[in-house]
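To start, the structure itself, in structure tokens.
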Amino acid sequence: MSWFARLKSRFSELLNRPRAERELDEEIAYHLGRETDRLIGAGADPAEAKRIAQKAFGRASTVREQAREEWRLRWVEDTLRDLKYAARGLRRSPTFTVAAVLTLGLAIGATTAIYSIVDAVLLDDLPYPEPDRLVRMFEQNAPTNRWSLSVVDFQAVKEQQRSFEHVAALQAARVTLTGRGRPERFVAGRVTADWFRVLGVHPLEGRGFATDEDQPGSSPVVVISAGLRDRMFGEGARGIDEVLTLDGVPHTVVGVLGRDRASLAGLRADVWPILQLEPPTRRGPFFLRGFGRLSGGVSVAGAEADLADITRRIYPIWAEGFRDEKALITPYSLRETILGGVGTGVWLLFGAVLGVLLIATANVANLLMVRASGREHEMALRTSLGGTKRRLVRLLLTESLLLAAIGGAVGVALAFLCLETFVGTSPNLPRLDEISLDGGVLAFAAAVTLGSGVLFGLAPLLQTAPSLMQNLRGGDRADASGSRGRRLRSALVAAEFAIALPLLAGAALLVSSFVRLQNVDPGYDPTNLVSADVSLPPAEYEGYSEVVAFWDEALRRVREIPGVRAAGIGTGLPPNLQGETNNFDLVDKPVPEGSSEPSVPWSWASPGFWGALGVPLQRGRMFEERDGRDSLPVVMVSEAWASRYYPDGDVLGKQLYSGGDRDNPMTVVGVLANVKFEGLDTAGDVAVHEPFAQAGFRSVSLLVRSEGPVAGIVGRLRAVFQELDPALPLSNVETMDARLSAEVAGPRYWTTLFSLFAGLGLVLAAIGVYGVLSYTVSRQSREIAIRIALGAHPAAVRRSVVLGGMARVGIGIAIGLTLALLGTQWLESLLFDVSATDPLALAVAVAGLVLIAGIACYVPAHRATKIDPMRALRAD
Amino acid sequence: MSLIRSDLLRGTLDLLILKTLTLEPMHGWGIAQRIRHLSKDVFELNQGSLYPALRRLQRKGWVLSDWRITDNNRRARYYTLTKAGWKQLEAEEAHWGQSSAAVDRVLRLALEGV
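Heads up: the sequence lines are chains Y and Z, in that order. Counting along the first sequence from 1, when you hit position 813 you're at 813 in the working numbering, and nothing is skipped either side. Counting along the second sequence from 1, when you hit position 102 you're at 102 in the working numbering, and nothing is skipped either side.
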């Protein structure tokens, strides 16, 4: 080894060895040196002296080992002693402890619960192998306008694509299961043969679909959920090769999915029947969800070019009935499409709870500083009794961490309790079944606990440590905490309000948006109105005439039920079931060659439907029984449609071509008042309505208005259909009130949770300023007493205390306002009809904050005026 | 006179160190010298064992240590008795007195009994 290498290794050894060991070595070297010198002085020869000294000392390595053992013991003993001491200290001041633990518990609990949602919904990969390679395909003609694929689209993609390992199509539907007791309706995902290969999911029992099973004419097969298998065939049964009759068609069960596969690619379904696509006759309709697994090395952008080429190739073939040249098949990452806009809401909630956590930490830091000031004498005494500064720091930190640990434990327990509520009340949050308090979430909770513990544990140290020494000498309390502590406390209070304001502003915006949403006029009166879905199976109701005949009879019988005022059927149901979208061209104002035809929500309804819904006719006439396949095709349009396409009001009698059909122009016979079909928060009241009898769809919604509460007629309603066809179930029987309320469930959820957290933040911040002011008043009681004794008016005393508190609050609000203006834009996508910088909402937030802070300041200020000068001056 | 080797009972070594430090703060080598002198060379201390003992006493809060410059201008760690150390020493001394008297008595009575 060269001298340089030796030096280097020696150097790194020096650097890396703990200081205590280096010091021990220095001590040993000193000892040996002195002993050798002594022996030489006594006449020994130097080499001999060194040997004797070393012999008397014994083996240095043994000494080191023993010393290390002592240090280790010392660490354990000290920690135990600190813990015991900390626990005793916390027990001695129960009010402080309970306040701090509750504050921390609430904040850590909320943070943990929301994090578990963030973790499962946003951070975890989708539960499929190589999930980044999964895409969903849409037709899209503008960045904000995309829709499903047609049979033409899917088949072209399947034959021509060069970017995917596998592609598959899914049609979500409801199917009726018959032949096993009462007929039942299930959510079904009809899928093409490669579906399970796209996702990389294998059924737990049996198999997936063979490649040719989706060809028309192959015998129908189905894969079912484990839950359905248990229910149908009993637990323990395999279920394979059993036959299930779905919509009248017998399907052989070939596979059973594992229990963790209750939903696939965002669709929660019990049955996955094979989807056999008949050769198409036109480009539309667009009802298939397209999925694909990218080949290795192909990016979403690469697939985009491939799919665009395919779309351009098929366009001319079907151009007669579909003239939207700008519409291209476009891939999106599956993850993105499943999460949709939920990410924003969840991240916002997470931001809100982190804010609450910071406020809580600042609060506990404040509490600890106040407490530490009261213990300065005790600390100084400990120092003089031989406690080193480091030991004192450790002691204080142990106390803080113990406090944090208790708070964290309470928090995790709270999170456990809250999570069920958070998840249970959430509307259509994707990936719900993946949310749990797992190891990762608990680790997060532990990290948050430790982090906040260290943060608020540092505060009292910053305040106390420098003054430890001089403190014992002078007994002067007034300056004991030092101006450093005072400044820190003020800063913490300001910070709390700076965080609370954006939270409150966000809550004010969400609440105001929610109120507006609730006050939107849906276009109809939802009371005493009930709806149900009915789907006529093709096996028994073969064609148009059977379907129309069934409904003529059914509606006649429904109207005969006592208490029924009106009844009808329709393909769309407000407020959010648009049903279909259709393109059209006005006969008198055709779109220019090469540009897209406009496309709007489209519905088919029986004559009684609009009467039952209570939508007034504005002009022209309603549908009548004579409107059908054999009469001239007619439509009604919404007022919004009329004013968009015929602003001069002259709309009755105008004609349009629907869905590219140039042979049968339809005539506008009536104008209906606007109804929200696409959700309350959309402008979606531009719509075209056709008479049901012009099409005769199998799946419709039945709508019945009763004289009194609908509960009275639902039983009779079911009985009518039972008589007509015992195999026909009524599904989704729901009042329109419930549908309206479900429509605002999403906004209500985000608004409620966000407001809850904002409220928590506000209360904590108020407690913070209250605590600091109370403390200040009690510390300055002598000064205040003197002022009162000298004749100061109580109002003046009160004012000076309140102003002292509000000055800190004011700084916080000023900073908070800046943060709010920067931050609320993240809310934009969740807001309805309110700007993210709405001055009113900000003003309400500031006013609310000032009011609460004012009250929190007034209470200790009022107490200050009650100080008895004689007693305050004598004390101490 | 026989030389007692250093396998002193642990408690005894602690007691000797504490007692030595009552005079003044001392470094390790100084303590070893002092014990040897005071015991008239009877206790030939295993000098190395002094240092773990000093760590132990520190751990219990009976002595404090700090680095000082010695008379001959070198850096050495000095040990000081704390208040708790004084108390401990008093208790140990009392205890030692009692037990050594007891041992004495047993020895004497045993001789007389022969």
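Idealized CB from N, CA, C, for every residue including glycine. In this text the structure is predicted, and so the values were computed from the model without any measurement.
- If you check the CB distance, Y:Leu90 and Y:Glu399 come in under 9 Å.
- Counting along the chain, Y:Gln276 sits inside no alpha helix (DSSP H), nor does DSSP assign it H or E at all.
- With its beta carbon at least 9 Å from every one in chain Y, Z:Arg34 lies outside the interface.
- Within 10 angstroms of the beta-carbon of Y:Glu783 lie fewer than 16 other beta-carbons, which makes it exposed.
- Y:Asn583 sits buried, since 16 or more C-beta atoms from the chains shown fall within 10 Å of its C-beta.
- Two segments are said to touch when three or more pairs of C-beta atoms, one from each, lie closer than 8 Å; by this definition the stretch 804-821 of chain Y does not touch the stretch 328-337 of chain Y.
- Along the stretch 718-746 of chain Y, the beta strand (DSSP E) occurs as fully enclosed runs of 3 or more residues at 731-735, listed in sequence order.
- Taking a 10 Å sphere around the C-beta of Y:Glu707, we find fewer than 16 other C-beta atoms and assign the residue as exposed.
- In the DSSP assignment, Y:Phe154 falls within the unbroken alpha helix (DSSP H) covering 151-160.
- Closer than 9 Å to the CB of Z:Asn46 there is at least one CB belonging to chain Y.
- Within the stretch 42-74 of chain Y, the residues whose Cβ lies closer than 8 Å to some Cβ of chain Z are Ala56, Phe57, Gly58, Arg59, Ala60, Thr62, Val63, Gln66, Ala67, Glu69, Glu70, Trp71, Leu73, Arg74, listed in chain order.
- Annotation: Y:Leu39 has no Cβ neighbours in chain Z at a cutoff of 8 Å; minimum Cβ distance is about 12 Å.
- Neighbours of Z:Gly28 in chain Y, taken as residues whose beta carbon is under 7 Å from its own, are Glu27, His31 in chain order.
- Using a CB distance cut-off of 9 Å, Y:Leu381 does not count as an interface residue toward chain Z.
- Using a 10 angstroms sphere on the CB of Y:Ser426, the tally of other CB atoms reaches 16 or more, which defines it as buried.
- Residues of chain Y with a Cβ closer than 8 Å to the Cβ of Z:Ala91 do not exist, since the nearest Cβ in that chain sits about 17 Å away.
- Selection Y:Ile28, Y:Arg190, Y:Val222 evaluated against Y:Pro203 yields Y:Val222 as nearest (Cα-Cα).
- Listed in chain order, the non-local C-beta contacts of Y:Ala695 below 7 Å within the same chain comprise Trp604, local neighbours out to five positions each way being set aside.
- 9 Å or more divides the Cβ of Y:Leu573 from the Cβ of Y:Ser599.
- Between Y:Phe609 and Y:Gly568, the beta carbon gap of about 3 Å places them in contact (Cβ cut-off 8 Å).
- The C-beta of Y:Val515 has fewer than 16 other C-beta atoms within 10 Å across all chains shown, which makes the residue exposed.
- With respect to Y:Leu122, Y:Leu339 sits close: the two C-beta atoms are nearer than 9 Å.
- Burial is judged here by how many other beta carbons sit within 10 angstroms of a residue's own beta carbon; Y:Glu553 has fewer than 16 and is exposed.
- Between Y:Ala446 and the set Y:Leu419, Y:Ala404, Y:Arg238, Y:Leu395, the nearest pair of CA atoms involves Y:Ala404.
- In the three-state reduction of the DSSP assignment, Y:Asp685 falls in the coil class, being assigned neither a helical nor a strand state.
- A residue is called buried once 16 or more other Cβ atoms fall within 10 Å of its Cβ, and Y:Leu851, having fewer, is exposed.
- Within 7 Å of the CB of Z:Ala76, the CB atoms of chain Y belong to Tyr30, in sequence order along the chain.
- In the displayed model, Y:Val844 falls within a helix according to three-state DSSP.
- A contact is defined here as three or more CB-CB pairs under 8 Å, and the stretch 727-734 of chain Y meets this definition with respect to the stretch 177-184 of chain Y.
- For Z:Pro25, none of the residues of chain Y pass the 8 Å Cβ criterion, the least Cβ distance being about 14 Å.
- Contact note: Z:Arg55 reaches chain Y through Ala67, Glu70, Trp71, using a C-beta cutoff of 7 Å and chain order.
- Residue range 599-605 is occupied by the beta strand (DSSP E) that includes Y:Ser599.
- When the beta-carbon positions are compared, Y:Met379 and Y:Gly485 stay at least 9 Å from each other.
- DSSP places Y:Asn363 in the helix class (H, G or I) of the three-state scheme.
- Between the beta-carbon of Y:Pro537 and that of Y:Leu680 there is about 34 Å, and that puts the pair past the 8 Å contact cut.
- Counting of Cβ neighbours within 10 angstroms places Y:Ser219 among the exposed residues, the total staying below 16.
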